[in-house]
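Read through the structure below, which is laid out as structure tokens, and then see the notes.
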Amino acid sequence: MSFFVSTLSLLLFLSLTFAACGRSTVDSSVATPPSLARDPVNQVYALAWSPNGTDLATGGKNGLIQVWNTKSKTRLVTVKQHFGEVHALAWSPAGTRLASGGQDFTVHLWNPTTGQQVAVYRSTFSTGEVLAVAWSPDGKYLASGSNDGIVQVWETATRTLVLAYSNFSGEDEVTTLAWSPDGKLLASTSTDRTVHIWDISTGAPRLVYRGHHDEVRSVAWSPNGR
175 MSFFVSTLSL LLFLSLTFAA CGRSTVDSSV ATPPSLARDP VNQVYALAWS PNGTDLATGG
235 KNGLIQVWNT KSKTRLVTVK QHFGEVHALA WSPAGTRLAS GGQDFTVHLW NPTTGQQVAV
295 YRSTFSTGEV LAVAWSPDGK YLASGSNDGI VQVWETATRT LVLAYSNFSG EDEVTTLAWS
355 PDGKLLASTS TDRTVHIWDI STGAPRLVYR GHHDEVRSVA WSPNGR
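Here this note's numbering is used: the first residue of the sequence shown is 175, the next is one more, and so on.
Here is the structure:
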């Protein structure tokens, strides 16, 4: 995937710039990106802000997950348990857990303060690389999407799989997941050019949006969930 960025500094610069500039104009020819680290042999594939907006988690090609404090520009935690690339990261709503999805078909749950592994989620329903992870608004559920077209929902308290569904051909990847604000619906995007809206209570597709002429790689709910 050629669009992946090789250094954390550029990703952080873009994230901080668009978060802070509002209506201001930034001259990219003179702006100096704030840098936390440079790693010439590792590509950064995933990043996620903590709910407090201070800590930033990153994951990459070499399987490392790192948590940075962006104010002090220090690395807080470094962990490696995935065999292969880290594709997706997501903080729990309370900021006490960090979920990661990887090339090894698993979802890992971490304590972002200590780096201790809390849980590993595996399933016989999916044998694909995990490309997306997303927490429900109440933190009760964790959804994952894989490159075999499978969407799964896990109950974090019991570490059990409560839903697994797919409406794809098996050759199309699940690229992004997003929960509705009330946590009753889950949106998924795919390389099959569709957006599915799933009913969490039944696991059935509520809506399917078609019309894109290419892969869909991003989705977001409005604040009112409509």
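Glycine included, each C-beta is placed from N, C-alpha and C at the ideal position. Note that the structure is a prediction, hence the values are computed from the model and not measured.
Apart from the five residues on each side of it in sequence, which residues of its chain come closer than 6 Å, Cβ to Cβ, to residue i?
{"i": "L263", "result": "A220, A222, A231, G233, S274"}
{"i": "T363", "result": "T349, T350, V369, V390, V393"}
{"i": "R271", "result": "L283"}
Mind checking residue i: buried by the 16 CB within 10 Å criterion, or exposed?
{"i": "G227", "result": "exposed"}
{"i": "V241", "result": "buried"}
Is residue i near the ligand ADP, in the sense that its beta carbon is under 7 Å from a heavy atom of that ligand?
{"i": "V325", "result": "Only the bare structure without any ligand can be found here, which leaves the ligand ADP out of the picture."}
Leaving out five residues on either side along the sequence, give the residues of the same chain with a beta carbon under 8 Å from the beta carbon of residue i.
{"i": "T288", "result": "V251"}
Can you give me the C-alpha to C-alpha distance between residue i and residue j, rounded to a whole angstrom?
{"i": "A317", "j": "G302", "result": "14 Å"}
{"i": "G237", "j": "Q217", "result": "10 Å"}
{"i": "W265", "j": "W309", "result": "7 Å"}
{"i": "Q290", "j": "F299", "result": "27 Å"}
{"i": "H282", "j": "R367", "result": "28 Å"}
{"i": "P397", "j": "R296", "result": "32 Å"}
{"i": "G276", "j": "G357", "result": "24 Å"}
{"i": "D312", "j": "D346", "result": "29 Å"}
When the Cα of residue i is compared with those of the options, which residue comes out closest?
{"i": "T248", "options": "D229, W265, V281, V260", "result": "D229"}
{"i": "Y339", "options": "D346, I324, W353, D312", "result": "I324"}
{"i": "V307", "options": "D356, V241, F279", "result": "F279"}
{"i": "V253", "options": "V292, T244, S246", "result": "V292"}
{"i": "T386", "options": "T365, G377, S375", "result": "In the sequence on display, residue 386 carries His and not Thr. Among T365, G377, S375, the Cα nearest to that of H386 belongs to T365."}
So, at 7 Å on beta carbons, what are the nonlocal neighbours of residue i in its own chain, with the 5 sequence-adjacent residues on each side left out?
{"i": "R380", "result": "L359, I371, W372, D373"}
Can the beta-carbon of residue i be found less than 8 Å from the beta-carbon of residue j?
{"i": "G319", "j": "L335", "result": "no"}
{"i": "P267", "j": "P225", "result": "yes"}
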